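My numbering applies: residue 592 is where the sequence shown begins, and numbers increase by one. In this text, a Cβ means the ideal position worked out from N, Cα and C, and glycines have one as well. All of these numbers come straight from a predicted model, not from anything done at the bench.
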Amino acid sequence: MKLTITQEKRGEIERIQREFQKQLSPSEILRSTAQAINGVLSRSISRLKKQIKQEYNITQKYLSRSARVAPKAYSAHLYGGIEINESRIPLVAFRPKQAGSSISVNIHKGKPEIIHHSFIATMSSGHVGVFSRGRYVKKVGFVPGREKTTTGKTRITELYTASVFTMGINYSVANEVSTFMGAELMARVEGILKSKVNKIGIK
(Lines of atoms letter the chains of each structure in order from A; the text may use other names.)
(Lines give C-alpha, C1' and ligand atoms only; values in the text may rest on other atoms or scores of the structure.)
Protein backbone atom coordinates (compact mmCIF):
# COMPACT_ATOMS: atom_id res chain seq x y z
CA MET A 592 0.00 0.00 0.00
CA LYS A 593 1.38 3.42 -0.94
CA LEU A 594 0.22 6.99 -0.52
CA THR A 595 1.00 9.09 -3.58
CA ILE A 596 0.54 12.84 -3.71
CA THR A 597 1.62 13.85 -7.21
CA GLN A 598 2.85 17.30 -8.15
CA GLU A 599 3.76 17.53 -11.85
CA LYS A 600 5.85 20.68 -12.14
CA ARG A 601 8.23 19.73 -14.93
CA GLY A 602 7.23 22.53 -17.31
CA GLU A 603 7.42 25.21 -14.63
CA ILE A 604 10.75 23.95 -13.30
CA GLU A 605 12.27 23.82 -16.79
CA ARG A 606 11.17 27.42 -17.35
CA ILE A 607 13.01 28.51 -14.20
CA GLN A 608 16.07 26.45 -15.17
CA ARG A 609 16.25 28.15 -18.58
CA GLU A 610 16.46 31.54 -16.87
CA PHE A 611 19.81 30.49 -15.38
CA GLN A 612 21.33 28.46 -18.22
CA LYS A 613 23.64 31.33 -19.25
CA GLN A 614 24.87 31.83 -15.70
CA LEU A 615 25.23 28.29 -14.36
CA SER A 616 26.40 24.99 -15.81
CA PRO A 617 23.80 22.29 -16.61
CA SER A 618 25.17 20.06 -13.84
CA GLU A 619 24.92 22.87 -11.26
CA ILE A 620 21.34 23.59 -12.29
CA LEU A 621 20.38 19.91 -11.98
CA ARG A 622 22.09 19.53 -8.59
CA SER A 623 20.37 22.66 -7.31
CA THR A 624 16.98 21.47 -8.53
CA ALA A 625 17.41 18.12 -6.78
CA GLN A 626 18.44 19.96 -3.61
CA ALA A 627 15.27 22.06 -3.84
CA ILE A 628 13.02 19.04 -4.32
CA ASN A 629 14.50 17.20 -1.33
CA GLY A 630 14.25 20.31 0.85
CA VAL A 631 10.58 20.82 -0.03
CA LEU A 632 9.81 17.16 0.65
CA SER A 633 11.47 17.40 4.05
CA ARG A 634 9.42 20.47 4.95
CA SER A 635 6.31 18.76 3.60
CA ILE A 636 6.76 16.06 6.24
CA SER A 637 6.65 18.76 8.92
CA ARG A 638 3.51 20.16 7.30
CA LEU A 639 2.01 16.65 7.19
CA LYS A 640 2.58 16.18 10.92
CA LYS A 641 1.15 19.60 11.69
CA GLN A 642 -2.03 18.87 9.72
CA ILE A 643 -2.43 15.46 11.33
CA LYS A 644 -2.19 17.04 14.79
CA GLN A 645 -4.89 19.53 13.81
CA GLU A 646 -7.25 16.72 12.79
CA TYR A 647 -6.30 14.00 15.27
CA ASN A 648 -5.68 13.91 19.01
CA ILE A 649 -2.32 12.14 18.65
CA THR A 650 0.69 12.78 20.89
CA GLN A 651 3.95 14.03 19.35
CA LYS A 652 5.83 10.89 20.42
CA TYR A 653 3.99 8.75 17.89
CA LEU A 654 4.57 11.20 15.03
CA SER A 655 8.32 11.54 15.47
CA ARG A 656 9.25 8.72 13.06
CA SER A 657 6.09 8.64 10.98
CA ALA A 658 7.53 9.60 7.58
CA ARG A 659 10.76 10.07 5.64
CA VAL A 660 11.90 11.36 2.27
CA ALA A 661 12.09 8.32 -0.03
CA PRO A 662 13.11 8.21 -2.78
CA LYS A 663 15.33 11.26 -2.76
CA ALA A 664 15.82 13.32 -5.91
CA TYR A 665 19.24 13.56 -7.56
CA SER A 666 20.66 15.21 -10.67
CA ALA A 667 19.82 12.40 -13.08
CA HIS A 668 16.41 11.72 -11.57
CA LEU A 669 14.48 14.83 -10.55
CA TYR A 670 11.77 13.00 -8.67
CA GLY A 671 11.26 12.45 -4.98
CA GLY A 672 8.62 11.18 -2.61
CA ILE A 673 7.49 10.79 0.98
CA GLU A 674 7.20 7.35 2.55
CA ILE A 675 4.65 7.20 5.37
CA ASN A 676 4.60 4.61 8.15
CA GLU A 677 1.79 2.07 7.70
CA SER A 678 2.09 0.51 11.16
CA ARG A 679 -0.96 0.86 13.36
CA ILE A 680 -0.62 3.20 16.33
CA PRO A 681 -1.32 2.09 19.92
CA LEU A 682 -4.60 3.50 21.21
CA VAL A 683 -2.71 5.03 24.13
CA ALA A 684 -1.23 7.55 21.64
CA PHE A 685 -4.59 9.36 21.59
CA ARG A 686 -4.72 10.33 25.28
CA PRO A 687 -7.36 7.82 26.46
CA LYS A 688 -9.06 8.16 29.85
CA GLN A 689 -10.30 5.36 32.05
CA ALA A 690 -14.07 5.50 32.61
CA GLY A 691 -15.00 2.60 34.84
CA SER A 692 -14.52 -0.61 32.88
CA SER A 693 -14.27 1.31 29.60
CA ILE A 694 -11.95 3.75 27.87
CA SER A 695 -12.98 7.18 26.62
CA VAL A 696 -10.88 8.43 23.71
CA ASN A 697 -10.91 11.03 20.93
CA ILE A 698 -8.96 9.65 17.98
CA HIS A 699 -10.33 12.15 15.47
CA LYS A 700 -10.86 15.49 17.22
CA GLY A 701 -14.50 16.18 18.04
CA LYS A 702 -15.49 12.52 17.69
CA PRO A 703 -15.37 10.88 21.15
CA GLU A 704 -15.49 7.09 21.34
CA ILE A 705 -16.08 4.62 24.16
CA ILE A 706 -14.11 1.35 24.08
CA HIS A 707 -15.92 -1.06 26.40
CA HIS A 708 -14.25 -3.68 28.60
CA SER A 709 -10.79 -2.14 28.27
CA PHE A 710 -8.24 -0.69 30.67
CA ILE A 711 -5.01 1.28 30.85
CA ALA A 712 -2.05 -0.62 32.27
CA THR A 713 1.74 -0.44 32.50
CA MET A 714 3.76 -3.43 31.31
CA SER A 715 6.85 -4.71 33.09
CA SER A 716 8.95 -2.96 30.41
CA GLY A 717 7.43 0.36 31.45
CA HIS A 718 5.27 0.67 28.32
CA VAL A 719 1.81 2.12 29.01
CA GLY A 720 -1.02 0.88 26.80
CA VAL A 721 -4.73 0.23 26.49
CA PHE A 722 -5.62 -3.46 26.82
CA SER A 723 -8.64 -5.70 26.54
CA ARG A 724 -9.45 -9.41 26.78
CA GLY A 725 -9.48 -10.95 23.31
CA ARG A 726 -7.36 -10.99 20.18
CA TYR A 727 -7.01 -9.53 16.69
CA VAL A 728 -8.35 -11.62 13.81
CA LYS A 729 -7.14 -10.97 10.26
CA LYS A 730 -9.68 -9.04 8.12
CA VAL A 731 -12.02 -8.82 11.12
CA GLY A 732 -10.20 -6.72 13.68
CA PHE A 733 -10.26 -7.04 17.43
CA VAL A 734 -12.56 -9.79 18.73
CA PRO A 735 -13.38 -9.68 22.47
CA GLY A 736 -13.25 -13.00 24.27
CA ARG A 737 -11.83 -15.07 27.09
CA GLU A 738 -9.51 -17.29 25.10
CA LYS A 739 -6.84 -18.95 27.21
CA THR A 740 -3.12 -18.76 26.49
CA THR A 741 -0.81 -21.79 26.73
CA THR A 742 -0.21 -20.91 30.37
CA GLY A 743 -3.93 -21.01 31.13
CA LYS A 744 -4.35 -17.26 31.55
CA THR A 745 -6.99 -15.23 29.72
CA ARG A 746 -5.48 -13.64 26.62
CA ILE A 747 -5.05 -9.89 27.00
CA THR A 748 -4.18 -7.82 23.93
CA GLU A 749 -3.03 -4.25 23.49
CA LEU A 750 -5.42 -2.18 21.37
CA TYR A 751 -4.29 -0.34 18.27
CA THR A 752 -5.99 2.04 15.87
CA ALA A 753 -5.33 4.04 12.69
CA SER A 754 -1.84 4.35 11.18
CA VAL A 755 -0.18 7.61 10.19
CA PHE A 756 -0.76 6.43 6.62
CA THR A 757 -4.52 6.29 7.23
CA MET A 758 -4.48 9.75 8.76
CA GLY A 759 -2.35 11.05 5.89
CA ILE A 760 -4.96 10.16 3.26
CA ASN A 761 -7.61 12.15 5.11
CA TYR A 762 -8.71 14.65 2.43
CA SER A 763 -8.00 17.81 4.40
CA VAL A 764 -4.52 16.56 5.38
CA ALA A 765 -3.50 15.34 1.92
CA ASN A 766 -4.91 18.41 0.17
CA GLU A 767 -3.04 20.82 2.44
CA VAL A 768 0.26 18.98 1.95
CA SER A 769 -0.21 18.81 -1.82
CA THR A 770 -0.96 22.54 -2.05
CA PHE A 771 2.08 23.38 0.08
CA MET A 772 4.39 21.23 -2.04
CA GLY A 773 3.24 22.79 -5.30
CA ALA A 774 3.66 26.37 -4.16
CA GLU A 775 6.89 25.86 -2.25
CA LEU A 776 8.76 23.94 -4.94
CA MET A 777 8.83 26.75 -7.50
CA ALA A 778 10.03 29.29 -4.96
CA ARG A 779 12.68 26.92 -3.61
CA VAL A 780 14.15 26.04 -7.03
CA GLU A 781 14.39 29.70 -8.03
CA GLY A 782 15.78 30.70 -4.64
CA ILE A 783 18.60 28.15 -4.67
CA LEU A 784 19.59 28.96 -8.26
CA LYS A 785 19.71 32.70 -7.46
CA SER A 786 21.85 31.94 -4.43
CA LYS A 787 24.32 29.96 -6.59
CA VAL A 788 24.54 32.86 -9.04
CA ASN A 789 25.10 35.41 -6.26
CA LYS A 790 27.89 33.33 -4.78
CA ILE A 791 29.91 33.49 -7.99
CA GLY A 792 29.27 37.21 -8.39
CA ILE A 793 27.07 37.08 -11.47
CA LYS A 794 24.29 39.65 -11.59
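Just checking my contact of valine 764 with isoleucine 643 at CB under 8 Å: how many whole Å lie between their CB atoms? Yes, valine 764 and isoleucine 643 are in contact; Cβ-Cβ is about 6 Å, under 8 Å.
How is the beta strand (DSSP E) around serine 693 delimited, first residue to last? Segment 693-697, the beta strand (DSSP E) holding serine 693.
Quick check on the DSSP output: what are the complete alpha helix (DSSP H) runs of length 4 or more inside the region 699-748, in order along the chain? As far as the region 699-748 is concerned, it has no whole alpha helix (DSSP H) run of at least 4 residues.
Own chain partners of lysine 663 with C-beta closer than 6 Å, once the 5 adjacent residues on each side are dropped: Sequence-distant Cβ neighbours of lysine 663 in its own chain, meaning closer than 6 Å and more than five residues away, are Asn629 and Gly671.
For lysine 556, the residue or residues it bridges with in DSSP: The chain is shown from 592 up to 794; residue 556 falls before or after that span and cannot be answered.
Nearest-angstrom Cβ-Cβ length linking isoleucine 698 and valine 755, presumed shorter than 8 Å: Contact doesn't hold; Cβ gap of about 13 Å is too wide.
First and last residue of the alpha helix (DSSP H) that includes arginine 609? DSSP places arginine 609 inside the alpha helix (DSSP H), whose first and last residues are 601-609.
8 Å Cβ shell around threonine 745 - same chain, five flanking residues per side excluded: In the same chain as threonine 745, and ignoring 5 residues on each side of it, the C-beta atoms closer than 8 Å to its own belong to Arg724, Arg737, Glu738 and Lys739, in chain order.
Look at the alpha carbon of leucine 750 and the alpha carbon of leucine 682, and state the distance between them as a whole number of angstroms. Answer to the nearest angstrom: the Cα atoms are 6 Å apart.
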